[in-house]
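What follows is a single structure, written as structure tokens, with notes after it.
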Amino acid sequence: MVSLADIERDFAAAIRDQDLPPPPGTRGRCGEMPSRRFAIYRNNVHVSLIEALAATFPVVARLVGEDFFRAMARAYVGEQLPRTPVLIDYGDGFPDFVERFAPARQLPYLADVARLEWARSRAYHAAEATALTTTDLAAIRPELVPTARLGLHPSLRIVSSDWPVLDIWETNSHDAVVRPVDLSTGGVDVAVLRPDVQVELHRLAAGWRTMLVRLLEGARLADAWESAAAADDIDLAAFLGWLIAAGAITEVAMADGAESRR
Numbered sequence: 001m002v003s004l005a006d007i008e009r010d011f012a013a014a015i016r017d018q019d020l021p022p023p024p025g026t027r028g029r030c031g032e033m034p035s036r037r038f039a040i041y042r043n044n045v046h047v048s049l050i051e052a053l054a055a056t057f058p059v060v061a062r063l064v065g066e067d068f069f070r071a072m073a074r075a076y077v078g079e080q081l082p083r084t085p086v087l088i089d090y091g092d093g094f095p096d097f098v099e100r101f102a103p104a105r106q107l108p109y110l111a112d113v114a115r116l117e118w119a120r121s122r123a124y125h126a127a128e129a130t131a132l133t134t135t136d137l138a139a140i141r142p143e144l145v146p147t148a149r150l151g152l153h154p155s156l157r158i159v160s161s162d163w164p165v166l167d168i169w170e171t172n173s174h175d176a177v178v179r180p181v182d183l184s185t186g187g188v189d190v191a192v193l194r195p196d197v198q199v200e201l202h203r204l205a206a207g208w209r210t211m212l213v214r215l216l217e218g219a220r221l222a223d224a225w226e227s228a229a230a231a232d233d234i235d236l237a238a239f240l241g242w243l244i245a246a247g248a249i250t251e252v253a254m255a256d257g258a259e260s261r262r
């Protein structure tokens, strides 16, 4: 007897590959093999997923043009169907796919632009959280600050690239015309954050990425600073000032177990 898992596997394979016939057991109202109907259904699935990708990666689509993007997205759909019924979760593997998609290799920064757009999407749909204010943080005794662990906003994402992807995104996100960017300006670390309604992109100074990564790992503030200072001359006061202004701190856990939160 054919198992449900076998039926689902065959159905998914037929949806992915447009050269495959309808899966075994598929029948029309009169018992006929519904090849044409299934082809229409399969095409509708592909079109809806391509449109979902275009909505999530609009700058990638603008950089390569609609026809190229749809062809690339269709190839991705043929390789990776959604794992959940929620379309906003679809596309996590698209940046890596773009990186290995041979026709896109002439744009070596394209995959990182896709990573930035995926981070924006994840930040937009992340959980809500209330950021601590300067007043909240001023109540912490200064001698406890170095051993504090900072809880950061759940929307926070970090994107690092060898290319100026933030400039590329900012230049091409609000205009239908693709604008050139000086690629020789080098790479960038970007913090993606949604403290309120809008997703914000922040260009990180030297050492700030290391600080954020260590804090996200649960390191104490002093230990995070030590890790960052080993490679970069980091201004700790400027970093903390940015965290507060950006609304990135949602909790402070003290070494003695006390917590400060709004």
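So the sequence shown is numbered by UniProt numbering: it starts at 1 and just counts up by one.
Just so you know, even glycine gets a beta-carbon here, dropped at the ideal spot from N, CA and C.
Quick caveat: nothing in here was measured; it's all calculated off a predicted structure.
(1) Taking the straight line between their C-alpha atoms, what separation do you get for L156 and S35?
(2) Inspect the beta-carbon positions of A224 and L215 and report whether they are closer than 7 Å.
(3) Under the DSSP definition of a beta bridge, which residues are partnered with H202?
(4) Excluding sequence positions up to five away, which residues of its chain have a Cβ less than 6 Å from the Cβ of A111?
(5) DSSP on I234, reduced to helix/strand/coil?
(6) Which whole-angstrom value is the C-beta distance of V190 and R179, which I expect to be below 8 Å?
(7) DSSP beta-bridge partners for I249?
(8) Determine the extent of the beta strand (DSSP E) in which residue 273 is found, giving its start and end residues.
(9) Enumerate, from N- to C-terminal direction, the unbroken beta strand (DSSP E) stretches of 3 or more residues contained entirely within the UniProt domain "Putative DNA-binding" (8-98).
(10) Given a cut-off of 7 Å on the beta-carbon distance, is the pair L20 and A12 in contact?
(11) State the CB to CB distance for the pair A129 and P154, rounded to an integer number of angstroms; the pair is presumed to be in contact (CB under 8 Å).
(12) Label I249 either buried or exposed according to how many other C-beta atoms from any shown protein chain fall within 10 Å of its C-beta, with 16 as the threshold for buried.
(13) In chain order, what residues of the same chain lie with their CB nearer than 6 Å to the CB of residue 336, ignoring the 5 residues before and after it?
In brief:
(1) 46 Å
(2) A contact, by the Cβ cut-off of 7 Å.
(3) A191
(4) P95, V98, E99
(5) coil
(6) That belief does not hold up - the Cβ atoms of V190 and R179 are roughly 19 Å apart, past 8 Å.
(7) Answer is L152.
(8) Residue 273 lies beyond the stretch modelled for the chain, which goes from 1 to 262, so this question has no answer here.
(9) If we require 3 residues or more, the UniProt domain "Putative DNA-binding" (8-98) turns out to have no beta strand (DSSP E) run fully inside it.
(10) no
(11) About 5 Å separates the two Cβ atoms, so the contact holds.
(12) By the 10 Å Cβ count, I249 comes out buried.
(13) Beyond the ends of the chain as shown, which are 1 and 262, falls residue 336; an answer cannot be given.
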